[in-house]
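Note sheet for the following structure.
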Amino acid sequence: MSKVALDTPQRGPAAETAIPLARPDITDLERDAVLKVLNSPMLSLGPELPKFESLLAEKAGVKHAVAVNSGTSALHLAVLGLGIEPGDEVITTPFSFVASSNCILFAGAKPVFVDIDPDTLCIDPEKVEQAITPRTKAIIAVDVFGHPADWDRLEEIAQKHGLGLIEDSAESIGSAYKGRSAGSFGDAGIFAFYPNKQMTTGEGGALVTDRDDIAALARSKRNQGRGESAGWLAHDQLGYNYRISDINCALGSAQVERLPELLALRTGVAERYNELLSGVEEVRTQYVAPHVDMSWFVYVIRLADHFTREQRDAVLERLRERGIGSSNYFPCIHLEPYYASGFGHGRGDFPVAEHVSDRSIALPFFGRMTEEQSVRVVSELKSAVTQS
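In structure tokens, the structure reads:
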């Protein structure tokens, strides 16, 4: 799961015409839906919550959706739903937003990282199987940048070894793997709705699952551990305030209604980037497997292998100086200070993830991006690459 800053600070004369890294797509449909809630007496735990959850479950093709205040909260609830506890190990990827492994730490378990596929950038299933120990309880795989992981192989491995399987589909709502919707794989999936995502609730997320037990536990724990039929001050178990307001849910329902349009706009921008960058030898664009229908979360390019991390950073600096929102996407989780010191990780542990991370650049990407903006971004990128 992941968050990219919506506005990267710019310096110099180009700041007046800066192109942001991301921007939500909000229309009168969303504004009217939010105002309707604001004009009602039910700002939370009202009718918009079950409406939004029903739309999300339908979108994912599952029985249950449990809406919460963030994708991180949804992922934490998915981990708890599998009964993960101190002493357990959970295999996951080092190439993701940090929440996908933090949620393992929340439960007192140990994240066990394995390397990624160099094309899809998702977790490498063969390395997953090699990392299984008697303490392994589950696998968390991430649909990186909207591209689904190898779910056939991951489900096969999980079933063979009796492991839980969570789909971190925070970045892939609307994607499909061999015709099956993102969010429908494993024991549970999750979505996230930060404003840089394909659709937004402002802040928010959701757990999606076919398992009645996981859904029931998530509903209770998001609401301070209350039982479904319990009174307001009756708490069956330890829980959290992971609730999402009806204001956010109304915004989300309107965005779900517009999701085909939103995804089509983003696909158009991605295809334009692909065309503009074709033939640029210094740049590798996003790979999309033939069995995948891609829902584009971000547009990330990778510099050629001969570029160093320092040269990539210089490209980022030049882009920002020219008013082009950009980011190093993703830094490897195992090299974050508290993971490196706490688990003894260092450079060289996961060479594919590190190689990709050192050369990746997220370019400005949003559905209403104009052709003129795309052309300018690519022109500035070419110039920055040449100077590095």
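In the numbering used here, the protein residues as written are -16 to 371.
Here a beta-carbon is modelled for each residue, glycine too, at the ideal position from N, C-alpha and C.
This structure is a prediction, so every number in the text was calculated from the model and none was measured.
Classify residue 19: buried if its beta carbon has 16 or more other beta carbons within 10 angstroms, exposed otherwise. exposed
With H, G and I counted as helix, E and B as strand and the rest as coil, what does DSSP make of residue 68? coil
Go ahead and pull the three-state DSSP assignment for residue 360. helix
Does the segment 342 to 359 come into contact with the segment 114 to 124, if we say contact requires no fewer than three beta-carbon pairs (one atom in each stretch) closer than 8 Å? no
Going by C-alpha distance, which of 108, 154, 365, 160 is nearest residue 298? Of 108, 154, 365, 160, the residue nearest in Cα terms is 365.
Hey, would you say the C-beta of residue 204 is under 7 Å away from at least one heavy atom of the ligand GDP? Judged by which ligands are present, the structure shown has none, so any question about the ligand GDP falls away.
Going by other Cβ atoms of all chains shown within 10 Å of its Cβ, with 16 needed for buried, is residue 220 buried or exposed? exposed
Name the residue from 97, 239, 323, 140 whose alpha carbon lies nearest to the alpha carbon of residue 175. 239
Considering Cα atoms alone, identify which of 57, 104, 187 is closest to residue 173. Closest by C-alpha distance to residue 173, out of 57, 104, 187, is 57.
Extract the residue ranges of the alpha helix (DSSP H) inside the segment 77 to 163, only unbroken runs of 4 or more that lie entirely within it. The qualifying runs are 82 to 89, 108 to 113, 134 to 144.
Tell me, which residues are paired with residue 283 by DSSP? 345
Member of 177, 226, 216 whose CA lies at the smallest distance from the CA of residue 201: Of the candidates 177, 226, 216, 226 places its Cα closest to the Cα of residue 201.
From which residue to which residue does the alpha helix (DSSP H) around residue 353 run? Run containing residue 353: none; DSSP gives neither H nor E here.
Element boundaries [alpha helix (DSSP H), containing residue 45]: Looking at the DSSP string, residue 45 is not in any alpha helix (DSSP H), and its letter there is neither H nor E.
In this structure, how does DSSP classify residue 310 when only helix, strand and coil are distinguished? strand
Nearest neighbour of residue 128, chosen from 17, 64, 336, 79 [CA to CA]: 79
C-beta atoms of residue 158 and residue 16 nearer than 8 Å: no
Cα-Cα, which of 261, 14, 11, 170 is closest to residue 62? 170
Give the DSSP-derived three-state secondary structure of residue 276 in the structure shown. Here residue 276 sits in strand by DSSP.
Find the nearest neighbour of residue 265 within the set 285, 307, 33, judged by alpha-carbon distance. 285
Is it the case that the Cβ atoms of residue 39 and residue 48 are separated by a distance below 8 Å? yes
Would the segment 255 to 263 and the segment 90 to 98 be scored as touching if the rule is three or more Cβ pairs under 8 Å? no
Hey, out of 119, 185, 276, 11, whose CA is closest to residue 162's CA? 276
Looking only at C-alpha atoms, which of 315, 357, 307, 317 sits nearest to residue 1? 307
Can you give me the Cβ contacts of residue 95 inside the same chain, cut-off strictly under 6 Å, excluding the 5 residues immediately before and after it? 72, 74, 114
Might you give, ordered along the chain, the residues of its own chain that have their beta carbon closer than 7 Å to the beta carbon of residue 7, omitting 5 neighbours on each side? 178, 183
Limits of the unbroken alpha helix (DSSP H) element including residue 263: Here residue 263 belongs to no alpha helix (DSSP H), and DSSP marks it neither H nor E.
What is the rounded straight-line gap between the Cα of residue 224 and the Cα of residue 133? 34 Å
Note down, in chain order, each residue of its chain lying with its Cβ closer than 8 Å to the Cβ of residue 359, except the 5 sequence neighbours on either side. 2, 307
Please return the same chain residues whose Cβ sits closer than 6 Å to the Cβ of residue 51, not counting the five positions on each side in sequence. 57, 188, 205, 225, 227
Express the C-alpha separation of residue 42 and residue 120 in angstroms, rounding to a whole number. 28 Å
Sort out for me which residues DSSP pairs residue 228 with in a bridge. 27
Residues of its chain near residue 250, where Cβ-Cβ distance is below 7 Å and the 5 sequence neighbours each way are ignored: 279
Which residue comes first and which comes last in the beta strand (DSSP E) that contains residue 174? Per DSSP, residue 174 belongs to the beta strand (DSSP E) from 171 to 175.
With DSSP run on the structure shown, which of helix, strand or coil describes residue 32? helix
For residue 318, report the span of its beta strand (DSSP E) as first-last. That residue, residue 318, is in no beta strand (DSSP E); it is neither H nor E in DSSP.
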